[in-house]
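In the numbering used here, the protein residues as written are 462 to 558.
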């Protein structure tokens with residue numbers, strides 16, 4: 462498996478993290494690698510966070526043709542992504558090793 466650019470999401474991921482996520486997002490695009498969002502600590506997401514994730518996926522796919530992966534999602538995060546219909550369309554679940 463190829464190396465991925467990893468972004469560890471904070472416990473509460475919301476619009477207040479926009480600048481931080483934008484910087485991570487730009488680094489990820491410049492790395493020309495698949496991107497992995499590490500979501501094991503996420504206890505809260507808002508609609509802005511979902512928008513930022515969808516935007517990253519769109520730009521990543523357009524610039525590199527790589528997919529966006531989520532690893533170790535917390536139960537909250539996993540349920541939120543399922544309810545928001547994110548899996549398959551915007552993100553892919555990283556298989557556990």
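All C-beta atoms in this analysis are idealised placements derived from N, C-alpha and C, irrespective of residue type, glycine included.
Within the DSSP bridge table, the entry for residue 532 names 499 as partners. Here residue 497 is near residue 532, since their CB atoms are less than 9 Å apart.
Going by DSSP, residue 486 is part of no beta strand (DSSP E) but of the alpha helix (DSSP H) stretching over 479-492. Here residue 504 has 472, 473, 535 and 537 as same chain residues with Cβ atoms under 7 Å from its own Cβ, once five neighbours each way along the sequence are excluded. For residue 468, the enclosing beta strand (DSSP E) has its first and last residue at 466-469. Residue 473 sits in a strand when the DSSP states are folded into three classes. DSSP lists 474 as the beta-bridge partner residues of residue 506.
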